[in-house]
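Notes to accompany the following structure.
In UniProt numbering, the protein residues as written are 1 to 395.
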């Protein structure tokens with residue numbers, strides 16, 4: 001199954017001349033070789049002179065709570081200092097880079113605009129350009145595939161919706177690798193960083209995670225499985241509501257629920273309507289009791305989604321339909337909600353920031369037939385495939 005060679009594996013085999021330079025590594029514990037060795041450990045064992053680490057949201061160990069600031073620390077595996085890029089700052093300061101010759105970036109992603117590891121990369125890219133430090137990215141496949149026919153979501157409105165869950169104008173499902181996006185940002189935004197991307201080998205754009213790997217390394221507390229990563233783009237919209245998205249359960253982003261949710265009717269409507277939006281998914285009724293986040297300790301009625309065809313699945317379309325059904329079915333109970341985080345303490349406009357457009361709640365006010373038509377228009381990728389074409393690394 002696994003004939004894909006990760007960028008980190010290629011880099012370790014190449015042993016470039018710069019490996020003896022002073023290297024700062026942007027990474028976390030989800031970044032491993034194809035043999036599941038932590039990248040930072042493997043690099044040191046191969047003679048790479050890594051002198052410090054930078055960590056993204058959730059910290060180096062990937063266990064930090066969603067949206068909580070992380071402090072600087074010392075890595076227990078390597079004893080290297082760890083500078084948090086989700087705490088007092090989001091980008092390396094000049095003082096952080098004065099004692100390094102090169103920055104190496106190796107963090108896995110899940111292909112969603114509002115998953116923040118991408119935006120940590122963007123800040124690192126800018127900082128390296130600003131302070132004259134080369135950046136090397138060890139690329140990794142997009143686990144949702146690089147199929148541009150499935151790219152989805154409006155291009156983000158930077159004037160009104162730029163945030164750390166979406167800084168720049170890309171779709172929600174970008175169907176790109178972080179290396180490809182770095183190349184695109186570097187050129188299109190005139191960042192002019194000295195950038196090198198170490199590509200993967202043997203990965204093709206139509207391949208999803210299950211085509212090239214059979215064991216998923218959890219990327220953060222709420223992304224423990226590939227199924228959670230697959231559904232995240234759609235069910236993350238629930239963060240902007242008073243419904244649970246499954247945080248505090250064994251199946252985050254695979255379920256929706258609330259104590260007041262009419263699960264049987266919601267499942268019936270969803271399963272009946274879903275063919276108009278997308279195929280290959282079915283819901284079933286469940287109950288769950290979250291141990292944290294919304295409705296902690298309360299029994300929730302809910303739905304679990306089951307995806308039959310990951311390679312052709314459209315999670316954003318499905319998530320929007322699910323929110324619409326629950327909203328219309330529970331006019332007295334459903335509410336839009338704030339979502340406070342370290343980078344957005346008030347938590348306001350969360351749905352706008354997720355969808356990348358102003359007035360996003362108004363979309364769900366339309367009658368169902370108009371909503372479905374609007375969803376199909378809204379979730380198209382516009383000219384994104386054409387924009388990305390010059391920067392792609394994989395067939």
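Cβ atoms here follow ideal geometry from the backbone N, Cα and C, with glycine treated the same way.
Where residue 128 falls: helix, strand or coil (DSSP): helix
Residue 162, DSSP secondary structure in three states: coil
Neighbourhood of residue 397 by C-beta distance below 7 Å, restricted to the same chain and skipping five residues each side: One cannot answer for residue 397 here, as it falls past the ends of the chain, which runs 1 to 395.
Distance CB(residue 245)-CB(residue 253) smaller than 9 Å: Taking 9 Å as the Cβ cut-off, residue 245 and residue 253 qualify as a contacting pair.
Start and end residues, beta strand (DSSP E) containing residue 196: 195-198
Backbone CA spacing between residue 251 and residue 21 [nearest angstrom]: 43 Å
Span of the alpha helix (DSSP H) around residue 320: Per DSSP, residue 320 belongs to the alpha helix (DSSP H) from 315-329.
Cβ contact check for the stretch 87-106 and the stretch 128-144: 3 or more pairs under 8 Å: Result yes; three or more Cβ-Cβ pairs closer than 8 Å.
Distance between residue 115 and residue 165 (C-alpha atoms, nearest Å): 6 Å
Simplified DSSP assignment, three categories, for residue 140: coil
DSSP three-state assignment for residue 76, whether helix, strand or coil: coil
Beta-carbon proximity check, residue 179 vs residue 199, cutoff 9 Å: yes
Where residue 90 falls: helix, strand or coil (DSSP): coil
Unbroken alpha helix (DSSP H) run spanning residue 41, endpoints: 39-45
CA-to-CA distance, residue 151 to residue 176, given in whole angstroms: In a straight line, the C-alpha of residue 176 is about 9 Å away from that of residue 151.
Run of the alpha helix (DSSP H) containing residue 376, from where it starts to where it stops: 368-378
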